[in-house]
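Student: The structure under discussion is supplied below as structure tokens; questions concerning it will follow.
Numbering (the numbering used here), first residue to last: 1 to 70.
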């Protein structure tokens, strides 16, 4: 599954950068509390952008994103 996730990132990050105007800064960014963000960047307004790649639908992805606000 990790190989699929990494392949997905390699394909989508350049596309997201152009379409969404995001400057991606890190992949697998470690948080101080132990979590890890799949991709982290800054948008054109200077706001942080978090991208989580999921193989299947995951109802907990919103909670995962909210946990990064700690």
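Ideal Cβ placement from N, Cα and C applies to all residues, glycine included. As the structure is a computational prediction, the values presented were derived from the model and not from experiment.
From residue 25 to residue 63, what distance separates their C-alpha atoms?
Tutor: For the purposes of this step, residue 25 is taken as the residue at position 25 of the chain shown. For the purposes of this step, residue 63 is taken as the residue at position 63 of the chain shown. Answer to the nearest angstrom: the Cα atoms are 23 Å apart.
Student: Taking the Cβ atom as the reference point for each residue, do residue 50 and residue 37 lie within a distance shorter than 8 Å?
Tutor: Translated into positions along the chain shown, residue 50 becomes position 50. Translated into positions along the chain shown, residue 37 becomes position 37. Yes.
Student: Using the Cα positions of residue 22 and residue 39, report the straight-line distance between them to the nearest angstrom.
Tutor: By 1-based counting over the chain shown, the position of residue 22 is 22. By 1-based counting over the chain shown, the position of residue 39 is 39. Taking the straight line from one Cα to the other gives about 11 Å.
Student: When we look at the beta-carbon of residue 46 and count the other beta-carbons within 10 Å, is it buried (16 or more) or exposed?
Tutor: Residue 46 sits at position 46 when you count from the first residue of the chain shown. Exposed is the call here.
Student: Assuming residue 35 and residue 67 are in contact, meaning their beta carbons sit under 8 Å apart, how far apart are those beta carbons, in whole angstroms?
Tutor: Here the question's residue 35 lines up with position 35 in the chain shown. Here the question's residue 67 lines up with position 67 in the chain shown. The Cβ separation is near 6 Å, so the contact holds.
Student: Unbroken beta strand (DSSP E) runs of length 3 or more, entirely within the segment 28 to 67: which are they?
Tutor: Those beta strand (DSSP E) runs which fall completely within the segment 28 to 67 and span 3+ residues are 36 to 43, 48 to 51.
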